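**Q** Numbering follows the numbering used here, with no gaps: position 163 of the sequence shown is 1200. The structure that follows is given in the form of structure tokens.
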Amino acid sequence: MKILTIVGARPQFIKAGTVSREIGKYENIEEIILHTGQHYDANMSNIFFEEMKIPKPNYFLGIGGKSHGAMTGQMIEKIEEIALEEKPDWIMVYGDTNSTLAGSIVAVKLHIKLAHIEAGLRSFNMQMPEEINRILTDRVSTLLFCPTPIAVENLFKEGFENFNCKLVKSGDVMYDGILFYKEIAEKPFDSIGKEFILCTIHRAENTDNEERLRSIFDALSQIGKEKQIILPLHPRTKKIIEKLNLEVSNITIIEPVGYLEMVWLIKNCTLIMTDSGGLQKEAFFFEKPCIVLRDETEWIELVEKGFNKLAGADKDKILSIYKHQNFSQNFDIDLYGLGNASQIIVNELLSYEK
1038 MKILTIVGAR PQFIKAGTVS REIGKYENIE EIILHTGQHY DANMSNIFFE EMKIPKPNYF
1098 LGIGGKSHGA MTGQMIEKIE EIALEEKPDW IMVYGDTNST LAGSIVAVKL HIKLAHIEAG
1158 LRSFNMQMPE EINRILTDRV STLLFCPTPI AVENLFKEGF ENFNCKLVKS GDVMYDGILF
1218 YKEIAEKPFD SIGKEFILCT IHRAENTDNE ERLRSIFDAL SQIGKEKQII LPLHPRTKKI
1278 IEKLNLEVSN ITIIEPVGYL EMVWLIKNCT LIMTDSGGLQ KEAFFFEKPC IVLRDETEWI
1338 ELVEKGFNKL AGADKDKILS IYKHQNFSQN FDIDLYGLGN ASQIIVNELL SYEK
């Protein structure tokens, strides 16, 4: 069996690396990894792949920094050329990036079986390009690997039982990865207090809205008077802060860190504040409360169970949630599987008959 794996951003590599480690146990599976280059990341050097124990890509397209249409179109063209040359049995995609959508379109057009990992997630916000990407990818997939029961339920509500596909509740490959990487996590720098809050801000709905961004930083500056806030600052967010001349005080701003350093920060913080999708889950994996700086989330179960609280960009709401800290402490609950999602995925691929 030959699998062509399509990835375009560092988080996708971390997820794909987890599945690749499982694939590597089978001599009868060949995996070809294609990196579209959608997100340029200076941290993704050769050292990144060695430290993370992730196979290096077989192909690098270098397509990034363009409009959604131009980027996706060029990816489709190049991925199609490689797919015709490699003749894979499966194309495997992750999540909801433009790279995901491009790989999916190539698969369905060339009649190659498509496996979508992290299928069934919905924010129900069609203003998000990610929502469009995940909906379209799900619709043309052969195997849909859903990380949660809610993801499965979303697909049933959309009538997927009537389509020529198979839904699998696999659990979350990110949980597999956390179990692997937490043992080799690295402290990023020495001047970190015993108790600190980890914060990330990068999502366009916040960074592209001056009012929201100012409100968030006003709240952070106030909280920072009581407890150290460590903020690995995304370059895009940094440029916007400088352009708006935003006053940023009482916050320890650092350069973006590698994943192993990020895992250390998650593991050792007391609270997480973020607009990131992945970090919301990683907070749960490490049994940390999380204030979500968004108006909605794909990880509805974390909010419903009380582990995460939606604050949006409302300063008063952020401060109120921080002050009261009435988060659920019962982390002994199976929301994302048992850490064997990669094994389930590979077994399904091997046993699939069509």
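Beta carbons: idealized from backbone N, C-alpha and C, even for Gly. This structure is a prediction, so every number in the text was calculated from the model and none was measured.
Can you list the alpha helix (DSSP H) stretches of 4 or more residues lying completely in the stretch 1137-1190, in chain order?
**A** 1166-1177
**Q** Give the C-beta separation of L1308 and K1280 to the nearest angstrom, bearing in mind that I take them to be a contact with Cβ-Cβ under 8 Å.
**A** The residue you call residue 1308 lines up with position 271 of the sequence shown. The residue you call residue 1280 lines up with position 243 of the sequence shown. The Cβ separation is near 29 Å, so there is no contact.
**Q** By a C-beta neighbour count over all protein chains shown, 10 Å radius and 16 as the cutoff for buried, is P1269 buried or exposed?
**A** Residue mapping note: residue 1269 aligns to position 232 of the sequence shown, counting from 1. Buried, since its Cβ has 16 or more Cβ neighbours within 10 Å.
**Q** Would a C-beta distance cut-off of 9 Å place I1187 and I1337 closer than the cut-off?
**A** The count along the sequence shown starts at 1 and reaches residue 1187 at position 150. The count along the sequence shown starts at 1 and reaches residue 1337 at position 300. It is a contact, given that the beta carbons lie within the stated cut-off.
**Q** So, for V1189: in the same chain, excluding its five sequence neighbours on each side, which residues have a beta-carbon less than 7 Å away from its beta-carbon?
**A** Reading the sequence shown from its first residue, position 152 is the one you call residue 1189. Only G1157, C1183, L1204, K1206 meet the Cβ criterion.
**Q** Just to confirm, is the Cβ distance from L1151 to A1120 under 9 Å?
**A** In the sequence shown, counting from the first residue as 1, residue 1151 sits at position 114. In the sequence shown, counting from the first residue as 1, residue 1120 sits at position 83. The criterion of a C-beta distance shorter than 9 Å is not satisfied by L1151 and A1120.
**Q** What is the residue span of the alpha helix (DSSP H) that N1305 lies within?
**A** Walking along the sequence shown from the start, residue 1305 turns up at place 268. Where N1305 is concerned, the enclosing alpha helix (DSSP H) stretches over 1296-1305.
**Q** Short check: CB of M1310 to CB of L1235, under 9 Å?
**A** Counting from one through the sequence shown, the residue named residue 1310 turns up at place 273. Counting from one through the sequence shown, the residue named residue 1235 turns up at place 198. In this structure, M1310 lies near L1235, with their beta-carbon atoms less than 9 Å apart.
**Q** Can you find the residues in the same chain that come closer than 7 Å, C-beta to C-beta, to D1175, ignoring five residues on each side of it along the sequence?
**A** The sequence position of residue 1175 within the sequence shown is 138, counting from 1. Within the same chain, D1175 has close Cβ partners H1153, A1156, G1157, L1181, L1192.
**Q** Under a three-way DSSP split, which group does F1323 fall into?
**A** One-based indexing of the sequence shown puts residue 1323 at position 286. F1323: coil per DSSP, three-state reduction.
**Q** By the three-class DSSP mapping on this structure, what secondary structure does Q1007 have?
**A** Residue 1007 is absent from the model: the chain starts at 1038 and stops at 1391.
**Q** For the ligand PLP, any of its heavy atoms closer than 8 Å to the Cβ of F1197?
**A** You won't find the ligand PLP in this model; it holds no ligand whatsoever.
**Q** If you check the beta carbons only, do R1058 and S1379 fall under 9 Å apart?
**A** Position 21 of the sequence shown, counted from the start, is the residue given in the question as residue 1058. Position 342 of the sequence shown, counted from the start, is the residue given in the question as residue 1379. Taking 9 Å as the Cβ cut-off, R1058 and S1379 qualify as a contacting pair.
**Q** CA-CA distance, R1047 and F1364?
**A** Counted from its first residue, the sequence shown places residue 1047 at position 10. Counted from its first residue, the sequence shown places residue 1364 at position 327. Distance between the alpha carbons of R1047 and F1364 is about 30 Å.
**Q** Taking the alpha helix (DSSP H) that H1105 belongs to, which residues open and close that run?
**A** Against the sequence shown, residue 1105 aligns to sequence position 68. Element bounds for H1105: 1105-1123.
**Q** Identify, in the order they occur along the chain, each residue of the same chain with its Cβ nearer than 6 Å to the Cβ of I1260, setting aside the five sequence neighbours on each side.
**A** Indexing the sequence shown from 1 puts residue 1260 at position 223. Here the set comprises Y1359.
**Q** I need the DSSP call for T1244, collapsed to helix, strand or coil.
**A** Translated into the one-based positions of the sequence shown, residue 1244 becomes position 207. Helix at T1244.
**Q** Are G1208 and Y1373 close, meaning C-beta to C-beta below 9 Å?
**A** Locating residue 1208 in the sequence shown gives position 171, counting from the first residue. Locating residue 1373 in the sequence shown gives position 336, counting from the first residue. Yes, the pair counts as a contact, with Cβ atoms nearer than the cut-off.
**Q** Would you kindly work out how many angstroms separate the C-alpha atoms of E1298 and M1108, rounded to a whole number?
**A** By 1-based counting over the sequence shown, the position of residue 1298 is 261. By 1-based counting over the sequence shown, the position of residue 1108 is 71. Going by C-alpha positions, E1298 is about 30 Å away from M1108.
**Q** Which one or two residues does DSSP pair with K1346 in a beta bridge?
**A** Translated into the one-based positions of the sequence shown, residue 1346 becomes position 309. According to DSSP, K1346 bridges with I1328.
**Q** Apart from the five residues on each side of it in sequence, which residues of its chain come closer than 6 Å, Cβ to Cβ, to I1355?
**A** As a position in the sequence shown, residue 1355 is number 318, starting the count at 1. Once the five neighbours on either side are set aside, the close Cβ partners of I1355 are A1256, A1348.
**Q** At what residues does the beta strand (DSSP E) containing L1216 begin and finish?
**A** Numbered from 1 along the sequence shown, position 179 holds the residue referred to as residue 1216. No beta strand (DSSP E) contains L1216, which is instead part of the alpha helix (DSSP H) from 1210-1218.
**Q** Assuming contact is defined by CB atoms lying nearer than 9 Å, are F1085 and P1092 in contact in what I supplied?
**A** The residue labelled residue 1085 in the question sits at position 48 within the sequence shown. The residue labelled residue 1092 in the question sits at position 55 within the sequence shown. The answer is no: Cβ separation not under 9 Å.
**Q** Kindly indicate the opening and closing residues of the beta strand (DSSP E) around K1039.
**A** For the purposes of this step, residue 1039 is identified with residue 2 of the sequence shown, where counting begins at 1. Per DSSP, K1039 belongs to the beta strand (DSSP E) from 1039-1044.
**Q** With DSSP as the reference, identify every bridge partner of F1097, one or two as the case may be.
**A** To locate residue 1097, count along the sequence shown from 1; it is residue 60. Note: F1097 sits in a beta bridge opposite H1072.
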